[in-house]
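Below is one structure, written out as structure tokens; comments come after it.
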Amino acid sequence: MARIRADKMRALLKVYFISGSTNTAETELANVLAQAIAGGVTLFQFREKGRGACSGAGKTALGKKLQAVCQKANVPFIVNDDVALALELDADGVHIGQEDGSAAEVRRKIGDRILGVSTHNVAEAKQAIADGADYLGVGPVFATSTKADTRAVCGPEFIARLREEGIHLPIVAIGGIHAKNAVEVVAGKADGLSVITAISNAADPKAAAQQLSQVWK
Ligand SMILES: Cc1ncsc1CCOP(=O)(O)O
Ligand SMILES: C=C1C=NC(C(F)(F)F)=NC1=N
Ligand SMILES: [Mg+2]
1 MARIRADKMR ALLKVYFISG STNTAETELA NVLAQAIAGG VTLFQFREKG
51 RGACSGAGKT ALGKKLQAVC QKANVPFIVN DDVALALELD ADGVHIGQED
101 GSAAEVRRKI GDRILGVSTH NVAEAKQAIA DGADYLGVGP VFATSTKADT
151 RAVCGPEFIA RLREEGIHLP IVAIGGIHAK NAVEVVAGKA DGLSVITAIS
201 NAADPKAAAQ QLSQVWK
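The structure is reproduced here in structure tokens:
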């Protein structure tokens, strides 16, 4: 298996749903995920973090269940932070933040699987590219209450600035994105948008995903 091509990566980043068991209100995350994929989600990240998150065997079992939903629909399955779990499940890739250790080390562990890195400035972006990242997560582009310890809100135009600085790796915007402001993310030259709340807390996850997909048409 070879490294993913940039054009294929850009297509996968269009509507990137990220969630864990703590992000969905009442319904089962597996049901929310299936509906969201039916609505046009192109990539899924299992991000099991924060108060009440499951761990150990429970986390692995939930990961397996969500991976099966993705596999049925041919949507790649990415694991956040937990490289060991990603390898145990033979996930399609891993996403790591600046505090999750060296991206070069993770690249060595995961082979040609997809590697995403959270970056917040040109220096971090250049380092991630040198370390073998396939895409960059940039944000928060809008205010969000989903992740407590985010960096300052950078705005969607920050991604256009990264382009001007010569950063051309596939980039997905993250942070406070929903159907109403998604158009600004497109204007900011991101290749895709990622969401937690806009889909995980939607009354109709399929419709929420459909509305987000519209912005790329
Ligand atoms: C994980 C993460 N990283 C930067 S903002 C954020 C949370 C995004 O969640 P939401 O889409 O609900 O704002
Ligand atoms: C903190 C994060 C930042 N960006 C992304 C992604 F959208 F996948 F790039 N995922 C994360 N978990
Ligand atoms: Mg992390």
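Just so it is clear: in the sequence shown, position 105 is 105 by full-length UniProt numbering, and no numbers are missing.
Glycine residues also receive a C-beta, built at the ideal position from the N, C-alpha and C atoms.
CB-CB length for residue i against residue j, believed under 8 Å
i	j	result
V141	G155	6 Å
A38	K206	5 Å
G192	R10	7 Å
Proximity test, residue i beta-carbon vs ligand 3 heavy atom, cut-off 6 Å
i	result
D81	yes
D100	yes
G63	no
G175	no
G20	no
Any non-hydrogen atom of ligand 1 within 6 Å of residue i CB
i	result
T27	no
T60	no
I159	no
V185	no
I196	yes
K14	no
P140	yes
T24	no
Check: residue i C-beta below 6 Å from any heavy atom of ligand 2
i	result
Q214	no
Q45	yes
S118	yes
V172	yes
Nearest neighbour of residue i, chosen from the options [CA to CA]
i	options	result
G132	G116, F158, A208 and A123	G116
L136	S145, R163 and A148	R163
V195	V122, D81, A38 and S19	S19
A203	L13, A182, A190 and E28	E28
H168	P76, R113, A125 and G52	A125
G50	S145, R107 and I114	S145
Residues sharing a beta bridge with residue i, DSSP
i	result
S118	G137
I171	L136
V185	Answer is none; V185 lacks a bridge partner.
Quick check on the DSSP output: what are the complete alpha helix (DSSP H) runs of length 4 or more inside the stretch 64-116, in order along the chain? 83-89 and 103-110
What alpha helix (DSSP H) runs, 4 residues minimum, are completely inside the stretch 5-57? 6-12 and 29-38
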